[in-house]
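Q: Okay, so the sequence shown: first residue is 9 according to my numbering, each after it adds one.
Beta carbons: idealized from backbone N, C-alpha and C, even for Gly.
Treat the numbers as computed from the prediction; the structure is a model and nothing was measured.
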Amino acid sequence: MPEILDRLRPRYIVDEKGRKTAVVLDFGEYEDLAELIEELEDARDLLKAELEATDFTPYEEFRKRWLNP
9 MPEILDRLRP RYIVDEKGRK TAVVLDFGEY EDLAELIEEL EDARDLLKAE
59 LEATDFTPYE EFRKRWLNP
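1. For E43, collect the residues of the same chain with a Cβ closer than 6 Å to its Cβ; drop the 5 residues on either side in sequence, then sort them by chain order.
2. K28 bridges to which residues according to DSSP?
3. Within the continuous alpha helix (DSSP H) that includes A51, where are the two ends?
4. Taking C-alpha atoms, which residue in K28, E58, D23 and L41 lies nearest to D14?
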């Protein structure tokens, strides 16, 4: 797993019985974690698209069509 998870230093807010009720992260850690989640979502979406693809166009052919409509 990405090294961001190794660098997290979460602090917890606990209730009167000592049960964890919330997490406090440094803002930089929060931003890094949000970026990691976004990258994982992008990777998931790409994998889903690849698995559902029914047709494939080689990049060079796509590029020619895209640049010369």
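A: Considering the structure as presented:
1. One-based indexing of the sequence shown puts residue 43 at position 35. Nothing listed; no residue qualifies.
2. Position 20 of the sequence shown holds residue 28. The partner list for K28 (beta bridge, DSSP) reads V22.
3. Taking the first residue of the sequence shown as 1, we reach residue 51 at position 43. In the DSSP assignment, A51 falls within the unbroken alpha helix (DSSP H) covering F35 to E60.
4. Counting from 1 along the sequence shown, the entry for residue 14 is found at position 6. It is L41.
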